[in-house]
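Mind the numbering: the sequence shown is residues 125 to 640 in my numbering, read in order. Just so you know, even glycine gets a beta-carbon here, dropped at the ideal spot from N, CA and C. Predicted, not measured: the structure shown is a model, and the values here were computed from it.
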Amino acid sequence: MTAATSDRPASDLVRYGQPAGRWVLFATVLGSGLAFIDATVVNIALPRIGDEFDAGAAALQWTVNGYTLSLAALILLGGSLGDRFGRRRVFVLGIVWFAAASLLCGVAPNVEVLVGARVLQGIGGALLTPGALAILGASFHPDDRARAIGAWSGLGGIAGALGPFLGGWLVESASWRLVFLINVPLAAIVALVALRHVPESRDPDAPDHLDVVGVLTGAAGLAGLTYGFTAWPATGPTSPTVLGALALGVAGLVGFVLNERRSPHPMLPLEVFSVRAFSAVNLVTFAVYAALGGVFFLVVLNLQVVVGFSPLAAGTAMLPVTVLMLLLSARAGALGQRIGPRIPMTVGPIVCAVALVLLAGIGPGTTYLTGVLPAVLLLGLGLSLTVAPLTATALGSVDERHAGIASGVNNAVARAAGLLAVAVLPLAAGIGSGSLTNAAELHPVYRVSMLICAGLLLLGAAISLVGIPSRLASRGRPPTTGAGPDPEPVPSPVRVHCAIAGPPLHPRPGTTVSKT
């Protein structure tokens, strides 16, 4: 990854208030929004999918994790491909791929085909999502980049708020299949607009060689661990399948580290981890996002299966989290810049942990206003306090030349954490070979899982207290917080976090980005 800006002269760049700029913004917002929303609204459809296909716990876990696995494993590669072969070209390829995989999801005759199609969807997402922000940085005039990225962030937050409404309504009034099929016409619009109105750009300094070995070993590591932990409840820890998958996972991750250490063009330069604050913030990211991955997987499921909420009501139950983050994240970022990141990153996860203890009490007969809303509001406050300082620390703790890498690593860590959480939590909570769509079996698993997730948040708070500095040393630029336009403006932390799909993108405009 590089910090190269557009390879076109400034006179050829689009302006924010002109039609050309609006078309570029439209394509990038809608394109990245498709992948962003689809990563979350599928949780609303899980009970209906489980009923129609008579799917067990492992199949529903893979319905979620199939997408997350391929996205997490390939998103670094997606950014590199765009820089080398053209950002618009790879973006459009990702959109078309994503649409084809969505169509396959929508017509899947069984859960096995659905899981395979979800894996393919993740590949499309890994191709299109890194390019959206890179296109903005490379296409807009420097004077307009801050406004363009800010608009992309805000419109993405609105999409995240509307996604659960749309997903819940489609599942409740028609079919879960429409959650996927609606992507096809929208993706066609994005592809046509991008081909007609988005200028092509690439990084002239991009390496000639891609880190293929790193991609393969990283993917093998994540896939092996995910498969092993998912299969464990049904087959037992001594099953050759489980032991082989876990061994493959460990070997893959070890091979990934060894390759990155020796590769002349690594996806992940390991020297960034020599900075204590950067290592600490990624440990915090892993703990916090593992907890949130479990929360957003199980809460919506529990509300429908155990409490009896409709898909629409369950899908919108977490909406106050989005609203609070839209309102408070920039202020929390400014607070973190003023008093340092340690206190917000310590207090925020503790507040979230208290919210999860309250969420653990949700069961039969729980009402939204008294049993769900207070916990959701507390969770939104805690996340608002945590997110902006966390992402600012991830970037501010490394040299400016590593800003894109730092953002990519932090996003990859978050996605890997959520992936493993969905695989491990049902096992750790005792689901065994039971069902996630049976109220009697899900309820105790949900309660224990929320308490485990609360423990992970407390672990994140402890790491912050010990490992995050009270002030970041200057490393070529001030840490960005999303509090307002900077000389090197960044998108608002709300863009991704409104659905808790991963940390927000905070690269410099025009920088190679390799994550959502």
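Check: C-alpha gap between Pro611 and His265, whole angstroms; Outcome: The pLDDT assigned to Pro611 is 30, lower than 50, so where the model puts this residue is not dependable, and the model offers no usable value.
Check: Every unbroken alpha helix (DSSP H) inside the stretch 304-371 [4 residues or more]; Outcome: 307-321, 336-359
Check: Member of Phe160, Asn426, Ala438 whose CA lies at the smallest distance from the CA of Pro254; Outcome: Phe160
Check: Among Ala441, Leu205, Gln245, Pro323, the one whose alpha carbon lies nearest that of Ala224; Outcome: Gln245
Check: Environment of Gln142 [buried if 16+ CB atoms lie within 10 Å]; Outcome: exposed
Check: Rounded straight-line distance, which links the Cα of Asn383 to that of Asp338; Outcome: At residue 338 the sequence reads Gly, which differs from the Asp that was named. Using only the alpha carbons, I get a separation of about 6 Å.
Check: Neighbourhood of Ile313 by C-beta distance below 8 Å, restricted to the same chain and skipping five residues each side; Outcome: Leu154
Check: Rounded C-alpha distance that separates Gly373 from Ala355; Outcome: 13 Å
Check: Start and end residues, alpha helix (DSSP H) containing Val153; Outcome: 143-177
Check: Inter-residue spacing [alpha-carbon to alpha-carbon] between Gly379 and Val396; Outcome: 19 Å
Check: Touching by the beta-carbon criterion (3+ pairs, under 8 Å), the stretch 501-511 and the stretch 464-480; Outcome: yes
Check: Buried/exposed call for Ser588, threshold 16 Cβ in 10 Å; Outcome: buried
Check: Identity of the residue in Ile247, Ala441, Cys229 nearest Val239 by Cα; Outcome: Cys229
Check: Simplified DSSP assignment, three categories, for Phe264; Outcome: strand
Check: Candidates Gly261, Pro288, Gly202: closest to Leu251 by CA position; Outcome: Gly202
Check: DSSP state of Tyr140 mapped onto helix, strand, coil; Outcome: coil
Check: Sub-7 Å separation of Gly506 and Val475 beta-carbons; Outcome: yes
Check: Val235 versus Thr187, Ala530, Phe420, Arg208, residue with shortest Cα-Cα distance; Outcome: Thr187
Check: Cα-Cα separation, Thr490 to Thr561; Outcome: 18 Å
Check: Of the residues Gly292, Thr517, Val496, the one placed nearest Gln461, counting alpha carbons only; Outcome: Thr517
Check: Beta-carbon proximity of Tyr570 to Leu422, cut-off 7 Å; Outcome: yes
Check: Proximity of Gly472 and Thr446 at Cβ, strictly below 7 Å; Outcome: no
Check: Beta-carbon spacing of Gly417, Val533 below 7 Å; Outcome: no
Check: Extent of the continuous alpha helix (DSSP H) to which Glu395 belongs; Outcome: That residue, Glu395, is in no alpha helix (DSSP H); it is neither H nor E in DSSP.
Check: Nearest-angstrom Cα separation, counted from Gly487 out to Gly600; Outcome: In this predicted model, Gly600 has a pLDDT of only 48, less than 50, meaning its place in the structure is not dependable; the value taken from the coordinates is given anyway. Using only the alpha carbons, I get a separation of about 51 Å.
Check: For Leu560, three-class secondary structure by DSSP; Outcome: coil
Check: CB-CB length for Val419 against Pro288, believed under 8 Å; Outcome: The Cβ separation is near 14 Å, so there is no contact.
Check: Beta-carbon separation (whole angstroms), Ile576 vs Leu551, contact threshold 8 Å; Outcome: At roughly 11 Å, the Cβ-Cβ gap does not stay under 8 Å, so Ile576 and Leu551 are not in contact.
Check: Val447 - DSSP class collapsed to helix/strand/coil; Outcome: helix
Check: Collapsed DSSP secondary structure at Phe433 in the structure displayed; Outcome: coil
Check: Backbone CA spacing between Gly352 and Leu459 [nearest angstrom]; Outcome: 42 Å
Check: Contact under 7 Å by Cβ, Phe215 with Gly248; Outcome: no
Check: Three-state class that DSSP yields for Arg601 in the structure shown; Outcome: Reliability of the predicted coordinates at Arg601 is poor, the pLDDT of 46 falling under 50, and the value obtained from them is presented with this limitation in mind. Three-state result, Arg601: coil.
Check: Euclidean distance between Cα positions of Ile210 and Ile259; Outcome: In the sequence on display, residue 210 carries Gly and not Ile. Approximately 10 Å, taken between the alpha carbons.
Check: Other residues of its chain near Ser508: CB distance less than 6 Å, five sequence neighbours each side excluded; Outcome: Leu448, Met449, Leu452, Ser453, Ala456
Check: Classification of Ser398 by the beta-carbon crowding that lies within 10 angstroms, buried from 16 upward; Outcome: exposed
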